[in-house]
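Presented below is the structure to which this report refers.
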Amino acid sequence: MQVGGEIARAAGPHPAAPAVLRWQLLSRAVPFAERAMWSVLSIGMFAGLWELCWAFGWADPKLLPPPHIFIGNIAEQAKFFNTVNRWEIGVDPNAGPSPAISVFNTVLASTGRVVAGLAIASVLAVALGVAIRYFKMCERLLQPTITLLAPVSPVAWLPVAIFLFGIGNKPAVFMVVVALLFHMVLATINQIDAVNRNLINVARTMGATKRQIYVRVIIPAILPNLFVVLRLNLFGAWMVVLIAEATGVGSGLGQVIMLARNTFNPSLVFFTIALIGVLGFLFDFAMRQIQRRILYWVPQGSEVLRGL
Amino acid sequence: MVSERIRPFSTKDSVVCRNVGKTWNAGTPRAHEALRGIDLDIGQGEFIALLGPSGCGKSTLLYLVAGLEESSGGEIWSFGDRVEAPSPERSLIFQETSLFPWLSVWQNVSFGLSLRGTSAGARREAAQIALQRVGLAEAMDKRPDELSGGMRQRVAVARALAMRPRVLLMDEPFAALDVQTRAKMQEFLLDVWRSSGASVLFVTHHIDEAVALADRVVVFTSRPGRIKTIVPIDLPRPRDLFSREAEALRMELTGLLRDEVNRAFAEQEAFSPAL
Numbered sequence: 001m002q003v004g005g006e007i008a009r010a011a012g013p014h015p016a017a018p019a020v021l022r023w024q025l026l027s028r029a030v031p032f033a034e035r036a037m038w039s040v041l042s043i044g045m046f047a048g049l050w051e052l053c054w055a056f057g058w059a060d061p062k063l064l065p066p067p068h069i070f071i072g073n074i075a076e077q078a079k080f081f082n083t084v085n086r087w088e089i090g091v092d093p094n095a096g097p098s099p100a101i102s103v104f105n106t107v108l109a110s111t112g113r114v115v116a117g118l119a120i121a122s123v124l125a126v127a128l129g130v131a132i133r134y135f136k137m138c139e140r141l142l143q144p145t146i147t148l149l150a151p152v153s154p155v156a157w158l159p160v161a162i163f164l165f166g167i168g169n170k171p172a173v174f175m176v177v178v179a180l181l182f183h184m185v186l187a188t189i190n191q192i193d194a195v196n197r198n199l200i201n202v203a204r205t206m207g208a209t210k211r212q213i214y215v216r217v218i219i220p221a222i223l224p225n226l227f228v229v230l231r232l233n234l235f236g237a238w239m240v241v242l243i244a245e246a247t248g249v250g251s252g253l254g255q256v257i258m259l260a261r262n263t264f265n266p267s268l269v270f271f272t273i274a275l276i277g278v279l280g281f282l283f284d285f286a287m288r289q290i291q292r293r294i295l296y297w298v299p300q301g302s303e304v305l306r307g308l
Numbered sequence: 309m310v311s312e313r314i315r316p317f318s319t320k321d322s323v324v325c326r327n328v329g330k331t332w333n334a335g336t337p338r339a340h341e342a343l344r345g346i347d348l349d350i351g352q353g354e355f356i357a358l359l360g361p362s363g364c365g366k367s368t369l370l371y372l373v374a375g376l377e378e379s380s381g382g383e384i385w386s387f388g389d390r391v392e393a394p395s396p397e398r399s400l401i402f403q404e405t406s407l408f409p410w411l412s413v414w415q416n417v418s419f420g421l422s423l424r425g426t427s428a429g430a431r432r433e434a435a436q437i438a439l440q441r442v443g444l445a446e447a448m449d450k451r452p453d454e455l456s457g458g459m460r461q462r463v464a465v466a467r468a469l470a471m472r473p474r475v476l477l478m479d480e481p482f483a484a485l486d487v488q489t490r491a492k493m494q495e496f497l498l499d500v501w502r503s504s505g506a507s508v509l510f511v512t513h514h515i516d517e518a519v520a521l522a523d524r525v526v527v528f529t530s531r532p533g534r535i536k537t538i539v540p541i542d543l544p545r546p547r548d549l550f551s552r553e554a555e556a557l558r559m560e561l562t563g564l565l566r567d568e569v570n571r572a573f574a575e576q577e578a579f580s581p582a583l
């Protein structure tokens, strides 16, 4: 036994360490690769069907250009993303930044509006929701109005956004905020009401004040579900931003779609749609990573359903 | 008026209930009387089990004593003071896990100290001492979801002990545990109780548990909950649950409880609409 232990110690963790590390990396990489493979397969199946329709002549390539066409002429389409000065009279359409940089700028503009809108809406929503539950007067004064405004379609706010903020980033961000805020306030109130009574009672028996109960118990307890609400609203934010951009913000993916519509350019439409899809996918992925980091206590996955 | 007199009860009595009643949703059509006319005196360091059929109001009494709910009638006193609000002197331990999932074990245990603004170093030290008493010092930095059900309840007990309570209120704390774990937890609780010197009010619907733990067993009637009788258990600890005396007590309590359960069932059937 002694000798065996000696040998094991001599062999030590040192020679074994790289192998262990490699194994750990591998065991993490394999499931990731598997998931990536399924994603590619899922999208490939959809694209394949489309290509098939085109090959059989069911899909008119002028109206529904299949992926190999609209992705094939990226370089051709990308220059339309240069929307900054194209509309000015006497300016050469090819002037300005290169097509690749134009695409990047456009994506950045739309993404920035979504992120800004989401950030403002979630901070405001949590603040309002907590205030409504914390102060009886806030509930009396605010809740009826919020409940009244929640079902109003964000599109109805579009003229208001333009009246108030004109053209630029502000109306688009305003649209995102207004589309999400009221729902998120109501979600926050619901979450506060659903906090486990025991947690609140434990804090009360330990002598917590009302403020301490809100700051130390209720807010951490509602964060996980609010993050899920935020993730679900992410897609809503993207839709609203496109609507706002399509009606004259001056730049962004929505405007490119509008341009494609006005110039009858289906390839550009589908290229932009593909771009938006990829962005939404990446956003959701990023949000899930953030969720895992900052909400470490929330169990992951849907293991229960797997067993069915 | 009793309430206008100053300290009518001794500062040595852990809990004194006088004619305590509780009606939920009083004044509404959904009003229902949970407790009526409870008179109970609990001495310092006494271990009391509250036994009764489900829904008889024993948990309600615990919440009233904790100060988490207001009684609809009567008075509750603790160490010479009227119970009007929750206090760290009276710690409540729940049936289900009530640990904060976002805090580590030691942060959970020292939560009460952090409310008072104690420094992190002092809190960690206090948490370590409390966790040693429940035999979980090595789990300091774990998170609640990494612990088993029994360990979580021990952490909850440690958290209560860290507040140095004089009364421990326990609402069926071991009901969600398996039989073996529960037996272990009962032993552990008796150790903690002896070393802390606190009084314990322990709600249970397990007759065995009441006989194994309590100095006195308070048997409740079914709704509205009243005290049917108080059975003293004068057996030395550690108790042999298979001794003749324990067997006799179990029989007695079973008989008392059966009457109440039967009555509760009969009432439910009388009130339920004919199908």
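Keeping their order, the protein sequence lines are chains A and B.
Going by this note's numbering, the first residue of the first sequence is number 1, and it counts up by one from there.
Going by this note's numbering, the first residue of the second sequence is number 309, and it counts up by one from there.
Positions of the beta carbon are idealized from the N, C-alpha and C atoms, including for glycine.
- In the structure shown, residue 320 of chain B falls within a coil segment according to DSSP collapsed to helix, strand and coil.
- Nearest neighbour of residue 220 of chain A by Cα position, chosen from B:534, B:360, B:411 and B:539, turns out to be B:411.
- Shortest Cα-Cα distance from residue 76 of chain A to any of A:296, A:100 and A:280 involves A:100.
- Residue 357 of chain B is bridged by DSSP to B:510 and B:525.
- Straight-line spacing of the CA atoms in residue 114 of chain A and residue 287 of chain A works out to 13 Å.
- Taking a Cβ-Cβ cut-off of 8 Å, the neighbours of residue 220 of chain A in chain B comprise 408 and 410, given in sequence order.
- Excluding sequence positions up to five before and after residue 409 of chain B, its CB lies within less than 8 Å of the CB of 451, 452 and 453, all in the same chain and listed in chain order.
- The C-alpha of residue 448 of chain B is placed about 14 Å away from the C-alpha of residue 470 of chain B.
- C-alpha of residue 473 of chain B to C-alpha of residue 421 of chain B: approximately 13 Å in a straight line.
- Listed along the chain, the chain A residues whose CB falls inside 9 Å of the CB of residue 398 of chain B are 205.
- Rounded to whole angstroms, the gap between the alpha carbons of residue 174 of chain A and residue 255 of chain A is 17 Å.
- About 5 Å separates the CB atoms of residue 330 of chain B and residue 342 of chain B; that is less than 8 Å, so the two are in contact.
- By the criterion of a C-beta distance shorter than 6 Å, residue 66 of chain A is surrounded in its chain by 50, 51 and 54, once the five residues flanking it on both sides are discounted.
- If you ignore the 5 residues before and after residue 334 of chain B, its C-beta comes within less than 8 Å of the C-beta of 380, all in its own chain and listed in chain order.
- Here DSSP, grouped into helix, strand and coil, assigns residue 39 of chain A to helix.
- Boundaries of the alpha helix (DSSP H) harbouring residue 284 of chain A: 266 to 294, taken from the DSSP string.
- Any Cβ of chain B closer than 8 Å to the Cβ of residue 185 of chain A would place that residue at the interface, and such an atom is absent.
- Residue contact check for residue 212 of chain A against chain B: a CB pair falls below 8 Å.
- At a beta-carbon threshold of 9 Å, the residues of chain A lying near residue 471 of chain B are 205, 206 and 207, ordered along the chain.
- Within 9 Å of the CB of residue 423 of chain B, the CB atoms of chain A belong to 203, 206, 207, 208, 209, 212 and 216, in sequence order along the chain.
- Taking a contact as a CB-CB distance under 8 Å, the pair residue 106 of chain A and residue 251 of chain A counts as one, their CB atoms being some 6 Å apart.
- Secondary structure note for residue 144 of chain A: its alpha helix (DSSP H) is the uninterrupted segment 136 to 149.
- In this structure, residue 406 of chain B places its C-beta atom within 8 Å of the C-beta atom of residue 202 of chain A.
- Contact residues of the stretch 433 to 454 of chain B toward chain A are 451, 452 and 453 (C-beta to C-beta distance below 9 Å).
- DSSP places residue 406 of chain B in no alpha helix (DSSP H); its state is neither H nor E.
- For residue 336 of chain B, the number of other beta carbons within 10 angstroms of its own is below 16, and it is reported as exposed.
- Interface residue (Cβ-Cβ distance to chain B less than 8 Å): residue 225 of chain A is not classified as such.
- Not flagged as an interface residue toward chain A: residue 510 of chain B, since no C-beta distance is shorter than 8 Å.
- Note: residue 399 of chain B is bridge-paired with B:476 in the DSSP secondary-structure output.
- At least one CB atom of chain B sits nearer than 8 Å to the CB of residue 199 of chain A.
- Within the stretch 374 to 395 of chain B, contact with chain A at the beta-carbon level (separation under 9 Å) is assigned to 374, 375, 376, 393, 394 and 395.
- Assigned with DSSP and collapsed to three states, residue 67 of chain A falls in helix.
- Residue 494 of chain B counts as buried, since at least 16 other C-beta atoms from the protein chains shown sit within 10 angstroms of its C-beta.
- Chain order gives the chain A residues near residue 404 of chain B as 198, where near means a beta carbon separation below 7 Å.
- Three or more Cβ pairs closer than 8 Å define a contact, and the stretch 175 to 194 of chain A meets that threshold against the stretch 236 to 249 of chain A.
- For the stretch 44 to 68 of chain A, there are no residues whose beta carbon sits under 9 Å from a beta carbon of chain B.
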